[in-house]
Amino acid sequence: MGNSSVENVPFVKGSGAQHERKPFEELTEEQRAILIPSQIFELKAKEPAFIFSRENLIAIKRYGDKVRQLPTPDQVSEIEVLPDLGLEAEDINAFFNNLRAHVATWDGIEDSCKRMGADLQIFAENLILDGVNLLKIIKSLDSWDSLPEDSAVLATLTLTAFESKTFNEGVDAHLAGITQDIADKLESIRQVKKLIDRFGDTITNNLVPTARSLLDNFKHHDAADRLKSIEDQLVQLDGDIKRKLDEYNGLVGAAFYGLVFGPLGLLVTGGIYGAQAETVRAEKNELIKQHEKLSVNKDVLLGGGVKEFEGIKAILNDMQFRLVDVSTATKNLEDVWVLLEAYATNSLIKVKRVSTQLELKQFAAGFERVITPWRDILGITKKLSELFNETLLGD
0 MGNSSVENVP FVKGSGAQHE RKPFEELTEE QRAILIPSQI FELKAKEPAF
50 IFSRENLIAI KRYGDKVRQL PTPDQVSEIE VLPDLGLEAE DINAFFNNLR
100 AHVATWDGIE DSCKRMGADL QIFAENLILD GVNLLKIIKS LDSWDSLPED
150 SAVLATLTLT AFESKTFNEG VDAHLAGITQ DIADKLESIR QVKKLIDRFG
200 DTITNNLVPT ARSLLDNFKH HDAADRLKSI EDQLVQLDGD IKRKLDEYNG
250 LVGAAFYGLV FGPLGLLVTG GIYGAQAETV RAEKNELIKQ HEKLSVNKDV
300 LLGGGVKEFE GIKAILNDMQ FRLVDVSTAT KNLEDVWVLL EAYATNSLIK
350 VKRVSTQLEL KQFAAGFERV ITPWRDILGI TKKLSELFNE TLLGD
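Using numbering that gives the first Met the number 0, the final residue of the sequence shown is 394, and nothing's skipped along the way.
See the structure below:
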């Protein structure tokens, strides 16, 4: 390697290899543990809840407010136009009760997210503190300060038996501890993801079909030509929105695969999931606005009584999109833990093969870069609390 510096070894700060852009599947465990948490945390810096953007969280809160303002069973029974529209008060009340039950599950999700944030904060603090202590142990070895800068020389200098023992024991104790901690945190994030997915599945598999079924009953009443035209347009928009949801889900649901990581960040433009996904999101928003406008026209034409159904259906359509974002962000956070776990497990094996001063310095440099990104999420508990409280105030 001639007179090259130790810092020129692949994937150590300043290396040419660091500047190579590689897709996720071509990164090593160490490269994944260094690059991905750093860039995921950086991307989420403007979204203090990590898995919820402020916009999505506010939308979910407003959905809850809308449901809590639905007519009571007695009020529904007093809507005289319902029988003329082919609707039964009993069916409507059952639908409204399902909506209320769905909204009631949100508190559990919010509490789980707050606990996850607290766990994340504690883990980051411990990882950094223990990591700093491990690096102190490594750098306290007699040969550390006297290490030459020539990597070719370093590769020929072996560690003493005492240094190898000290190094192995320190790494084993640290990494064995965090692997168990990671397993616990993975269980926590997976529980949050399960709750969020269940929240979204209820919308997709229950609430939206029920709303559609109730509104389909309008086909059987004597509607004017104008109403028929509005109905046809609403059906068309429902289909367009559903197709946009499928398209959006495909664009953002691929997690890390297909993205390219490098020192300048993720190769995406126009937003966290890329320009194409942001375009689809904008198109979806426009379709929903058209849907809402037609729903108002329909309600005026019918003399009232259906506004709640159409309004709720529009909200549910929008919620499906937002929960795709949330579910994907949760999966990305879960993958951060998985990648760190893979790095720790692999390092426990690799450390046994560290026998030269070059390998020791490479391990220390890589490990230091692995723990560095976790400094970016210190204070997550405070940010989470502020965000949830802010949206409670109706921002």
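Even glycine gets a Cβ: it sits at the ideal position worked out from N, Cα and C.
Return the residue from the list the options that minimises the CA-CA distance to residue i.
{"i": "V325", "options": "C112, L86, E89", "result": "C112"}
{"i": "N216", "options": "H290, D90, N132, F40", "result": "D90"}
{"i": "N97", "options": "L26, T201, K193, P372", "result": "T201"}
{"i": "A343", "options": "K21, E25, E29", "result": "E29"}
{"i": "K292", "options": "L214, I39, L185, L236", "result": "L236"}
{"i": "T71", "options": "S52, G85, R53, R99", "result": "R99"}
{"i": "E277", "options": "Q289, L56, K288, N248", "result": "N248"}
{"i": "S163", "options": "T371, R352, T27, L386", "result": "R352"}
{"i": "P208", "options": "V131, Q74, A313, I35", "result": "A313"}
{"i": "L26", "options": "K60, F387, A341", "result": "A341"}
{"i": "Q74", "options": "A88, V131, N55, D180", "result": "A88"}
{"i": "Q179", "options": "T165, L126, L69", "result": "L126"}
{"i": "G365", "options": "W105, V131, I121", "result": "V131"}
{"i": "T104", "options": "G63, F40, V323", "result": "G63"}
{"i": "D317", "options": "I50, R31, N55", "result": "N55"}
Spatial neighbours of residue i within its chain, please: C-beta separation below 6 Å, excluding the five flanking residues on both sides.
{"i": "A93", "result": "none"}
{"i": "L206", "result": "L315"}
{"i": "I33", "result": "R368, V369"}
{"i": "A58", "result": "R321"}
{"i": "G257", "result": "Because the pLDDT at G257 is just 48, under 50, the model does not fix this residue reliably, and the value given afterwards should be weighed accordingly. So the list is empty, once near-sequence residues are dropped."}
{"i": "G393", "result": "Caution is warranted here: a pLDDT of 49 is assigned to G393, below 50, making its placement in the model unreliable, and no coordinate value can be reported."}
{"i": "G270", "result": "With a pLDDT of only 46 at G270, under the threshold of 50, the placement of this residue in the model should not be trusted; the figure read from the coordinates follows. Same-chain partners within the cutoff: E277."}
Assuming residue i contacts residue j under a Cβ cut-off of 8 Å, what Cβ separation, rounded to an integer in Å, is found between them?
{"i": "A182", "j": "W373", "result": "With a Cβ gap of about 17 Å, A182 and W373 do not count as contacting."}
{"i": "K330", "j": "K192", "result": "7 Å"}
{"i": "G199", "j": "Q319", "result": "7 Å"}
{"i": "I240", "j": "I311", "result": "Wrong, their Cβ atoms sit about 14 Å apart, outside the cutoff."}
{"i": "I421", "j": "L185", "result": "The requested residue 421 does not occur in the structure, where the chain is confined to residues 0 to 394."}
{"i": "L86", "j": "L194", "result": "Not really, about 33 Å apart at Cβ, beyond 8 Å."}
{"i": "L133", "j": "V170", "result": "7 Å"}
{"i": "Q275", "j": "L250", "result": "6 Å"}
{"i": "L386", "j": "I35", "result": "Their Cβ separation, rounded to whole angstroms, is 23 Å, which puts L386 and I35 out of contact at 8 Å."}
Here's a check: name, in chain order, each residue in its chain whose Cβ is nearer than 7 Å to the Cβ of residue i, leaving out the five neighbours to either side.
{"i": "V66", "result": "L98, R99, V102"}
{"i": "I108", "result": "L194, I195, F198"}
{"i": "Q190", "result": "S111"}
{"i": "T165", "result": "I136, L140"}
Residues in the same chain with beta-carbon distance under 8 Å from residue i, minus the five sequence neighbours each way, listed in chain order, please.
{"i": "I188", "result": "M115, T329, L332, E333, W336"}
{"i": "P129", "result": "In the sequence on display, residue 129 carries Asp and not Pro. The residues are H173, G176, I177."}
Quiz item: Unbroken alpha helix (DSSP H) runs of length 4 or more, entirely within the segment 171-251: which are they?
Solution: 207-215, 224-251
Exercise. Answer yes if the segment 344-354 comes into contact with the segment 164-178, meaning at least three C-beta pairs across the two stretches below 8 Å, and no otherwise.
Key: yes
Quiz item: Do the segment 350-361 and the segment 155-162 touch if we need at least three Cβ pairs shorter than 8 Å?
Solution: yes
Quiz item: Can we say the segment 326-335 touches the segment 127-143, given the rule of at least three CB pairs closer than 8 Å?
Solution: no
Self-check item: Sequence ranges, alpha helix (DSSP H) only - wholly within the segment 64-106, length at least 4
Solution: 72-76, 88-103
Self-check item: Complete runs of the alpha helix (DSSP H) confined to the segment 315-360 [at least 4 residues]
Solution: none
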